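Working notes, beginning with the structure itself.
In this note's numbering, the protein residues as written are 125 to 187.
This is how it looks when you write it as structure tokens:
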């Protein structure tokens, strides 16, 4: 889930460009949509973005 959110942020920033505060707007939207869920701060979203940038291919989990 974190990789997917980070990947979405990277796509959105590619479309909108830097300086559009896409991460801050997404953090606000996620906290509004999921008020009881923790972990959607701007800082955490930046970590998710960094993870997606570091590992550009989807992470396959096997159980």
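Every residue gets a Cβ at the ideal spot worked out from N, C-alpha and C, and that includes glycine. Please read these numbers as outputs of a predicted model, since none were measured by experiment.
Checking contacts by CB at 8 Å: is residue 126 closer than that to chain C?
-> Given the protein chain composition of this structure (a single chain), no chain C is represented.
Candidates 133, 172 and 161: closest to residue 149 by CA position = In the chain shown, the residue the question calls residue 149 occupies position 25. The shortest C-alpha separation from residue 149 is found at 133.
Under three-state DSSP, which class holds residue 144?
-> The residue labelled residue 144 in the question sits at position 20 within the chain shown. Coil, per DSSP.
Where does residue 185 land, buried or exposed, given buried means 16+ other C-beta within 10 angstroms?
-> Position 61 of the chain shown, counted from the first residue, corresponds to residue 185. So residue 185 counts as exposed.
With DSSP as the reference, label residue 127 as helix, strand or coil.
-> The residue you call residue 127 lines up with position 3 of the chain shown. When secondary structure is reduced to three states using DSSP, residue 127 falls in the helix class.
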